[in-house]
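Mapped onto my numbering, the consecutive letters of the sequence shown carry residue numbers 2 to 515.
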Amino acid sequence: MSMSRDLIFLPEACHVPPGPQMTTKIIHFMVNGRVERAEFGADSTAEDIKELFRAAAEVSPHHILKLYKANGSVVNISPMLEPNSQDSYYRLEVVTSDVQSITMPSNVDNMEHRVSHLETKVLEEAGKTSEVISDLQSQVESFKRKLESIKHLSWMGIFRDENTKQISKSKGTQLNMEEEHRQVRRKFLNMSSLQVTEEVRDHLKTPIFDNWQWEEAEMLVLLQVMFTDLDFLTAFQIKKDVLQNFLFEVYCHYNNIPFHNFQHCFCVTQMMYGLIWLTDLKSKLCSMDLLIMLTSALCHDLDHPGYNNVYQINARTELALRYNDISPLENHHCAVAFGILAKEESNILKHLTTEQYKQFRAGMIKCILATDMARHNEILNKFKSILSIFDFRNKDHKEVLMKIMVKVSDISNEARPMAVAEPWLDCLLQEFFNQSDKEKLKGLPVAPFMDRDKVSKPSSQTSFIRFVLLPLFTELTRLFPCLEQHIVEPVRRALEYYSDLERATQQRETACKP
Ligand code: PDB
Ligand code: ZN
């Protein structure tokens, strides 16, 4: 519920006194999720009005302000501003002028200032009705939770500015990231000449592989092993150093966010690799199809910003604009992948024929776009419809199977041991909560399963396992019965685990109720 500031007397700064005998102008605008009302004299200057907006947004003169009409068009901030009603309020966006120069502490101070400011408001409004106070208090609580998560992120050196499209990093972390990339590359190239033990090679082909035990340089070595052990280097004349450049570029293009990061990319690729061996797909599909599946898994979330398609569309981001709201993220992931492959030094497709390149490109686009969960039922139903007559020589059948294999790999965390899988759910919820916090601040719709004030981890995961994971995985085991023990049984155990957790939580809640 956005609280109109009319209920609270505006601090002086929001009221620019009119000149002698001057008419005043009233405008309504939303900032930080609240509708404000401001009044200024026709003789006020543009600077006066900007000062008024900054005071309402409680930001420093370094910030750039952008004012949008209800229809989304940007309007100039000047005394010529059209007066409006409370229903057709403007939207005030604060763009941090120079993210590099903004270090976390001032923003945290600013947030703390806002929290204490809000708390004084709560006290000042002692006379207001109880629901107003409780609403203000819940806003204060929500700000405090946000402050905690931002402090945590600042500790990790990530500065997530509400108005920049990308996760921006303070200058320090930017340099750290480049230094980290250099270190990972050095370690990767040094280790890549070492032989990986037979035991690790075998372990790599199973879904019980624990990603949390490995650092990123080692994961790059293991990815090189996957491409080598599937004979892609010989089949497609891929030189080892080009493959290493390609893998390193992919690593560099994943962002440092809680879930859709390089570790997730590794997990999905490793699961795909395991499924290929467990189902003996090498004897059923050609090398090109296997190369498409493994490379699609590797690239399927490239440069993920940590905010899903619903956010991209509602916030009218550049990606939504560029891809006309059609799977903007998945289109972007695929475009970034082919941007890497377009570079000579990382082009593992260099020696493919034109026909092979076209086949690879068409296949990778289909597989990566298939990871948009909004299309889950469309793709699963297509697979169900051909299962009884599945033919490995049929091009369309193979295409659907490849999409299903990438999808299964993408959401397969719960097929791994619980000690590996559960931290992934916490990471995913962290990313979802960051998104819903941002949506609340921007006044955008918030999905309940992303709302930190509403979601219950066990019950949302039991629903996901029951209605998404098990139906998908059981369909795949109809084609490959040997997968039952590898991906279906572990997921049934996970369902038991979260159901027990759900019951325990419910019992605790009923026990606590008066
Ligand atoms: C999905 C879509 C987008 C991003 F329980 C991630 F609330 C996923 F967290 N995804 N991948 C794995 C998952 C999982 N979503 C959920 N559980 C997973 O294990 C459920 C999710 C709604 C949560 Cl499907
Ligand atoms: Zn993914």
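In this text, a Cβ means the ideal position worked out from N, Cα and C, and glycines have one as well.
From Asp281 to Tyr69, what distance separates their C-alpha atoms? 57 Å
At a cut-off of 7 Å, would you count Met272 as near the ligand FMN, judging by its Cβ distance to the nearest heavy atom? No copy of the ligand FMN occurs in the structure displayed; its ligands are the ligand PDB and the ligand ZN alone.
DSSP-derived helix/strand/coil call for Leu303: coil
Beta carbon of Ile65: closer than 7 Å to some heavy atom of the ligand PDB? no
Integer-rounded CB distance, given that Ala420 should sit under 8 Å from Asn414: Contact doesn't hold; Cβ gap of about 12 Å is too wide.
Quick check on the burial criterion: 16 or more other C-beta atoms within 10 angstroms. Buried or exposed for Thr46? exposed
Please report the straight-line C-alpha distance between Leu426 and Phe260, rounded to a whole angstrom. 9 Å
Check whether the segment 196-211 touches the segment 269-289, taking contact to mean three or more Cβ pairs, one atom from each stretch, closer than 8 Å. yes
How would you call Cys516, buried or exposed, if buried means at least 16 neighbouring beta carbons within 10 angstroms? The question about residue 516 has no answer here: the residues shown for the chain are numbered 2 through 515.
Per-residue burial, Glu497 [other beta carbons within 10 Å of its own, 16 or more giving buried]: exposed
Could you pull out every residue in the same chain whose Cβ sits closer than 7 Å to the Cβ of Ile387, ignoring the five residues on either side in sequence? His398 and Val401
Enclosing alpha helix (DSSP H) for Val269 [first to last residue]: Phe263 to Leu279
Exposed or buried, what is Lys408 when buried is set at 16 or more other beta-carbons lying within 10 Å of its beta-carbon? buried
The segment 188-200 touching the segment 210-226, judged by at least three CB pairs closer than 8 Å: yes
How would you write the range of the beta strand (DSSP E) that His29 sits in, first residue to last? Thr25 to Val32
Cutting at 8 Å between CB atoms, please list the residues of its own chain near Pro449, excluding the five before and the five after it. Lys455 and Val456
Just to confirm, does Asn435 get its C-beta within under 7 Å of one of the non-hydrogen atoms of the ligand PDB? no
Is Met31 buried or exposed, if buried means 16 or more other CB atoms sit within 10 Å of its CB? buried
The ligand PDB and Met419: does the residue's C-beta get closer than 7 Å to at least one heavy atom of that ligand? no
Hey, is Glu497 close to the ligand PDB, as in C-beta under 7 Å from one of its heavy atoms? no
DSSP three-state label for Val60, please. coil
Could you tell me whether any non-hydrogen atom of the ligand ZN is closer than 7 Å to the CB of His204? no
Between the CA atoms of Tyr308 and Arg323 - distance to the nearest angstrom: 16 Å
In whole angstroms, what separates the C-alpha of Thr165 from that of Tyr255? Low per-residue confidence applies at Thr165: pLDDT is 39, beneath 50, and the placement is therefore not dependable enough to give any value.
Of the residues His301, Leu330, Leu303 and Leu299, the one placed nearest Ile314, counting alpha carbons only: Leu330
Pick helix, strand or coil for Gly42, following the three-state DSSP scheme. strand
Could you pull out every residue in the same chain whose Cβ sits closer than 7 Å to the Cβ of Asp392, ignoring the five residues on either side in sequence? His398
Quick one, which of Thr296, Leu66 and Arg92 has its alpha-carbon nearest Gly73's? Arg92
First and last residue of the beta strand (DSSP E) that includes Ile341? Segment Pro329 to Leu342 is the alpha helix (DSSP H) holding Ile341; no beta strand (DSSP E) there.
So is His305 buried or exposed if we call it buried at 16+ other beta carbons inside 10 Å? buried
Is any non-hydrogen atom of the ligand ZN found closer than 7 Å to the C-beta of Asp302, if you look at the structure I gave you? yes
With a threshold of 7 Å (Cβ to nearest heavy atom), would Val269 be considered close to the ligand ZN? yes
Under 7 Å Cβ to Cβ from Phe474, same chain only, skipping five residues before and after it: list those, please. Val409, Ile488, Val489 and Val492
For the segment 417-487, which segments carrying the alpha helix (DSSP H) assignment without a break, of at least 4 residues, lie completely within its bounds, in sequence order? 419-443, 458-465 and 471-480
In the DSSP output, what is Arg35 paired with across the bridge? Val32
Kindly indicate if chain D contains any beta-carbon less than 8 Å away from that of Phe228. The structure shown contains no chain D, having only a single protein chain.
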